[in-house]
Structures are given as C-alpha cells and as structure tokens.
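Take a look at the structure set out below.
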Amino acid sequence: MFRYIVKRILWLIPILLGVSFIVFTIMYLSPGDPVTMILGEGATEEAYQALRTQMGFDQSFIVQFLNYVRGVVFDFDLGRSYVSNRVVLDEILVRLPNTIRLASWSILFATLIGIPLGVISATRPYSKVDNVVMFISLVGVSMPTFWQALLLIILFTSTLGWLPASGFTSWQQMIMPVFALATSSMGTIARITRSSMMDVLDQDYIRTSEAKGVSDGRVIFQHALRNALIPVVTVIGLQFGALLGGAVLTETIFSINGLGTMMVNAIRTRDTMVVQGGVLFIAFIFTLVNLCVDILYAYIDPRIRSQYD
Amino acid sequence: MLLTSKKKINQAEEEMLNVPQGSWAEIWYELKRNRRAMFGLFFILFLTIMAIFADQIAPYGMREQNLSNALQFPNTTHWLGTDDLGRDILSRMIYGTRVSLTVGVSAVAVSLIIGGILGVVAGYYKGWIDTLIMRFCDILLSIPSILLAIAIVASLGSNLQNLIIAIGISSIPVFARIIRSGVISVKEQEYIEASEALGANDIRIIFKHILPNILSPIIVQSSMGIASAILSAVGLGFIGLGLEASIAEWGTMLNAGRGYIRTHYYLTLYPGLLIMLTVLSFNLLGDGLRDAIDPKMRER
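Spelled out as structure tokens, the structure:
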C-alpha cells in the first residue's frame, strides 16, 4: 500500500509538467503583447525593450517555459498579474476558499441525494419509480448549470423574494449556487449507482444471501451497496473536477468572488498570467483529489492493492 | 424479490430465440421500441430541419432589429417576445440551432478523428507508443474540459473554427480511451489472427476487421459527446467567449438576457429550455442506442 501511494505521488510530477506545458503553449499562442499592455501604447522603444528583456519575452519558447516551470517549482511563483501587478498565487489563495466551499458542498449534496436515488432505481428496475428517477437524472445532466442558476434566481429571488441572488457567506446565499452546481453531478452519480448496483444485484452471492433468508434491507445495504460503491467513488472524484470547472460559470452568475470569477475577468482583460496560473492551480487540485480517490479505492478494494504490493 | 424475474426470463428467451445480436437491423428494432430514444431521434431531426431551413422557417431575420419593439413580452406578433434590440427571440432561437448543431457535430468529429487515431495506434501496437498516448490522455484529462476550452478560445480568439477546435480537443482522451479498449478486445479474436495469417496488412485489418466491430460504442459515445459539446459551446457563449454578438447563438442569448432577468424572464427561459431539450435528446438517443446495442441491457 505504501509503495502504491509513493508511486502515485511521484506520478503527479510528469502529469503536472504536462499540464503546465499544454497550458503554457496555449497561452503562448495568444496574440496580445503583455509588454504593451503593461506600458500602454505611448511607451518609448527603449522602455519597451527593457521591460521585454526583464520579463524574458525576448527568449525562445522553451527557455520561457523552463523559466516558468522553475519559478512554479522552486518558488511557488505563478507570476504577476499584468493588470493589477499583484502576485498570481495570492490572487488565487484569496479566492480559493470560496471555490472549494462551493465545490465541496455541491459534491456532498450530489452524493447524498444521488446515491439513494440510484439505489431506489436499481432495486425496482423498470418500474414507474425507476423510470421517473432516471428521467429526472437525465434532465439534470442535460440542463446547463448556468441556466438552472438563472431559473432559480427568477423563481426564488425575483418572484418569491426568498433568497438573495448574490454573495456566498450566509446559508441563504449558498442554497442556490450549491443546488445549481450539484444537479448535474447528482444525475451522473444516480445513473452510475443504478447501473453498478444492478450489476452487483445480479451476482451469485446476492442470490445466496437471499436464499439464506437475509432481509432485503440487509442484502441491499450490507452486501450489495458496499461493492457497488467502488465505481461510484471514482465517478465522484471525476465529478469534482467537473464541478471545479462548472464553478467558473456558477460563480459569475451569483457574483461569488472565487477562482471562476477571477478567471473570467482575467480572460476579458487578457491577463494571461492569471488565466495560466488559475488553470494550472485547478488542474493541480483536481489531480490531488483524484489521487486521494485512487488511494481510497485501493484501500477499499483489495484486488487493486494486491497489484502494487 | 430484488431481481426482476422478468429480466431473467427475457434473457433466457433471447438465448432460445437466438436473436442475431449486434446486427444493425436488430439494433434498429430495439431502438424503435424505446419511446424515449425515439423522442430524442425525432427532436434531433426536427432541429436539423430548423437549422437547414432557418431562412424559410424563422418569422423574422437573424439580425433584424426594431428598437421601437424592444423588450416586448411574448405576444401574437412575437411569439416568444423580443430582446433589448427588438430582435425576435423565436427567430434567433431557430437560427441558433445552426451554431449549436454545427459546433456539436464538428467538435465530436474532431475528437473522434484525433482520438480515434490515437486509440487505434495505442490499442493495436501496444508497447511504448501505447504508454505514451495514454499518459498524454491522462494529462489532458486532468484539466477540467470547460477550463481547457476556455483557455483555448481565450487565447486563439473566438470564431466558429476555434470554438470547434477548443471543444473538440477537450474530449479527445474520452474517445481515445474507448476506441483503444475496443481495439484491444477485438484484436484478441481469432478472425484477426486468421487475417494476419492470410497476409493482410495492418491498415486493412484495422479498417476492414477491427473498426466495423467497435462501431457501436463509438456511436453511443458520439451521441453523448454531441450533448456535452453543445453544453460546453453554450457555456462559452454565456461567459462572452462565443461568436460575435450579432450571430444568433443560444449561450450568447442567455448572457444578453441575464441583464434583464428580474423584469424580462422570458429572455432566459425559452432559449435555455431549447438547449435543455436539445441536450436531453442527444442523451436519450445515446442511452437508447447503448441499451439497444448491449444485449445485457435489453429487458423492456
């Protein structure tokens, strides 16, 4: 188990290098000239050249990339914003708690509702209940997160006046963003729980337990659900990444000062360093979460553990 | 008890009748019996017709402005109302199907072609090239797809072509993985060995013998892929990374309507409803196809 964890942690290094290379390349292709952006149009040629050299833009692509990576690895330096001249990492860390809170509450909510829905469906396959639950799940998956957020605002803010449409401190402010963001993951989790649960319920050992006279509830929760949860755990990990991405849209709608709002503003102002740092940071969190999920997975499932021991 | 006896009986029945599993006629037969999948299919056909004949169907032009008619609630002349420039919402929704369907289908084509090549090479040749390709997919997968698309469009600029590339690239790994595992499972079969023994070259084996046998998972994934590509495109449009504002696009429409959300709800309600129905249709069709193709799932 220990070897497995070490292996997986070492594996993070090439993945993150690859991610930074991809993100850096994409941003490198961007047409805007950051030097002109900082100095403005009226700067002298000397001043322009001096800043260009100072920022390293006169060097080749590979050198620029290596310098960026060196900064990230050794000094946790994601650069400075071209617009505000603040350190990108600080900008991220200030906003991180809001985004993490939004994504975590959403995944919790999606899991707590999604798994029971999936179990209900799987234990009554092809019944009315199953059809309704699965149809609702699919509708949830098919609704754009931000549209749902707008609908919630129309209903609960404009019409009923129950909930505030912006901010993210009180629980009243949190209900709508969390619900809007969670719906799609809830649908996905319910669908995967159902199919995984149905596979497990088909197994011989379930039939044996039934034949032995074990009660339905015990069979479902003690024998079936525990085994069925394994693929569900993986999906929950992957959904967390989708939620971090989806938070970008949700945050802008509810004016939540998180990474999403930061990135969208940075894109509008062509603040490359912030966009680059933001994508890299989110990919980093996502990779970490999935690492934890995989370790958890190996912990739950001895078959996987044995491959590495 | 827990297990439906119906499921068991159906499986047994199927084995007895020895239905030719996997043949296209059989899949179509199964699909036709699935009402939800058929709803999806018909709605997609309906959208396609709207997109092609938008000029004939839409009551007003895509860019037709009439400021004196701005922000009208739904009425008899403008069935779904007008926006802040007096443009007809219904007409712009109809024109919007063009962008969404084009982006959805083309983005999936991009990920299918690139992901397909990567998946086939990885699965067929195995070894170091397989490792290399799969690690590349791992890297792409660790960037949330909407973020990757945002970064690409923000950097390259937003036009139709870049939108397609951005969304297409982000689902390359999904297709590569599915096709790779399909290739690996088929490659083990004896008939592949037989054609190798007969001296068929790799290209022939891949195109004549392997790909036709893994078409079904590819088709299912494509249908689902179009659904999520449309969602991504709409999301990009919503944060202002879509096409230029005069072109009718659903996400951009929602973004424009957002400013009037407290007073003119219909600006966000109807375009969003159409997005949802469109995405739902592709998902329903994908679900139906999967059930029809996978004999284990046939139990209605």
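Chains C and X supply the protein sequences, listed in that same order. Under the UniProt record's numbering, the first residue of the first sequence carries the number 1, and numbering increases by one thereafter. Under the UniProt record's numbering, the first residue of the second sequence carries the number 1, and numbering increases by one thereafter. Note that the Cβ used here is the ideal one computed from N, Cα and C, for glycine as well.
Segment limits, alpha helix (DSSP H) that includes residue i
i, result
"residue 134(X)", "127 to 141"
"residue 68(C)", "61 to 75"
"residue 161(X)", "160 to 170"
"residue 255(X)", "250 to 258"
"residue 41(C)", "It is not in any alpha helix (DSSP H) - residue 41(C) carries neither H nor E in the DSSP assignment."
"residue 173(C)", "171 to 201"
"residue 208(X)", "Looking at the DSSP string, residue 208(X) is not in any alpha helix (DSSP H), and its letter there is neither H nor E."
"residue 231(C)", "225 to 253"
"residue 258(C)", "Careful: residue 258(C) lies outside any alpha helix (DSSP H) and carries neither H nor E."
"residue 151(X)", "145 to 156"
"residue 270(X)", "266 to 293"
"residue 224(X)", "215 to 238"
"residue 82(C)", "Per DSSP, residue 82(C) belongs to no alpha helix (DSSP H) and is neither H nor E."
"residue 200(X)", "Run containing residue 200(X): none; DSSP gives neither H nor E here."
"residue 142(C)", "128 to 142"
"residue 28(X)", "24 to 33"
Interface flag, residue i vs chain X, CB-CB below 8 angstroms
i, result
"residue 180(C)", "no"
"residue 55(C)", "no"
"residue 10(C)", "no"
"residue 116(C)", "no"
"residue 174(C)", "no"
"residue 152(C)", "no"
"residue 252(C)", "yes"
"residue 144(C)", "yes"
"residue 37(C)", "no"
"residue 83(C)", "no"
"residue 88(C)", "no"
Sequence-distant residues of its chain with Cβ nearer than 6 angstroms to residue i (five each side left out)
i, result
"residue 254(C)", "166 and 177"
"residue 147(C)", "none"
"residue 301(C)", "230"
"residue 79(C)", "88 and 273"
"residue 262(X)", "none"
Contact set for residue i: own chain, Cβ-Cβ below 7 angstroms, skip 5 residues either direction
i, result
"residue 92(X)", "62, 248 and 253"
"residue 223(X)", "282, 285, 286 and 289"
"residue 52(X)", "none"
"residue 18(X)", "Unreliable positioning characterises residue 18(X) in this predicted model, as indicated by a pLDDT of 49, which lies under 50. The coordinate reading is nonetheless provided below. So the list is empty, once near-sequence residues are dropped."
"residue 91(C)", "81, 262 and 274"
"residue 19(C)", "280 and 283"
Test: residue i CB closer than 8 angstroms to a CB of chain C
i, result
"residue 147(X)", "yes"
"residue 116(X)", "no"
"residue 1(X)", "For residue 1(X), the pLDDT reaches just 43, beneath the cut-off of 50, and the residue's location in the model is therefore unreliable, although a value from the coordinates is still provided. Residue 1(X) counts as touching chain C."
"residue 239(X)", "yes"
"residue 294(X)", "no"
"residue 143(X)", "yes"
"residue 235(X)", "yes"
"residue 254(X)", "yes"
"residue 57(X)", "no"
"residue 325(X)", "Absent from the structure is residue 325(X), since the part of chain X shown begins at 1 and ends at 300."
"residue 227(X)", "yes"
"residue 178(X)", "no"
Cutoff 8 angstroms; reference residue i; Cβ partners in own chain excluding five residues on either side
i, result
"residue 192(X)", "186, 205, 209 and 210"
"residue 295(C)", "4, 5 and 8"
Three or more C-beta pairs closer than 8 angstroms, one from the region 229 to 241 of chain X and one from the region 35 to 50 of chain X: is that the case here? No, the region 229 to 241 of chain X is not in contact with the region 35 to 50 of chain X.
Chain C contacts made by the region 268 to 281 of chain X, where a contact means CB separation under 9 angstroms: Closer than 9 angstroms at the C-beta level to chain C, one finds these residues of the region 268 to 281 of chain X: 268, 269, 271, 272, 273, 275, 276, 277, 278, 279, 280 and 281.
Near-chain X residues of the region 277 to 304 of chain C (beta-carbon distance less than 7 angstroms), N- to C-terminal order: Within the region 277 to 304 of chain C, the residues whose Cβ lies closer than 7 angstroms to any Cβ of chain X are, in chain order, 279, 282, 283, 286 and 287.
Per the contact definition of three or more C-beta pairs closer than 8 angstroms, is the region 166 to 181 of chain X in contact with the region 98 to 115 of chain X? Taking 8 angstroms as the limit for Cβ pairs, the verdict is that the region 166 to 181 of chain X does touch the region 98 to 115 of chain X.
I'd like to know if the region 96 to 115 of chain C and the region 244 to 258 of chain C are in contact, where contact means that at least 3 CB-CB pairs between them fall below 8 angstroms. Yes, they touch.
Give, in chain order, every residue of the region 237 to 251 of chain C whose Cβ lies closer than 8 angstroms to some Cβ of chain X. Taking 8 angstroms as the Cβ-Cβ cut-off against chain X, the residues of the region 237 to 251 of chain C that qualify are 241, 242, 244, 245, 246, 248 and 249.
Could you run through the region 187 to 205 of chain X and flag, in chain order, every residue whose CB is less than 7 angstroms away from some CB of chain C? From the region 187 to 205 of chain X, no residue has a Cβ closer than 7 angstroms to chain C.
Tell me which residues of the region 123 to 141 of chain C have at least one Cβ-Cβ distance to chain X shorter than 7 angstroms, keeping chain order. Under the 7 angstroms Cβ criterion, the region 123 to 141 of chain C contributes 123, 125, 126, 138, 139 and 141.
Is it true that the region 257 to 272 of chain X meets the region 120 to 132 of chain X, where meeting means three or more beta-carbon pairs spaced less than 8 angstroms apart? Short answer: they don't touch.
Contact list for the region 151 to 173 of chain X against chain C, Cβ threshold 9 angstroms: The region 151 to 173 of chain X vs chain C, Cβ under 9 angstroms: 151, 152, 153, 154, 155, 156 and 157.
Determine, using beta-carbon pairs with one atom in the region 281 to 296 of chain C and one in the region 234 to 245 of chain C, whether at least three such pairs fall under 8 angstroms. Contact between the region 281 to 296 of chain C and the region 234 to 245 of chain C is present: 3 or more CB-CB pairs across the two stretches fall below 8 angstroms.
Do three or more CB pairs link the region 141 to 152 of chain X to the region 16 to 28 of chain C at distances below 8 angstroms? Because the criterion of three Cβ pairs below 8 angstroms is met, the region 141 to 152 of chain X and the region 16 to 28 of chain C touch.
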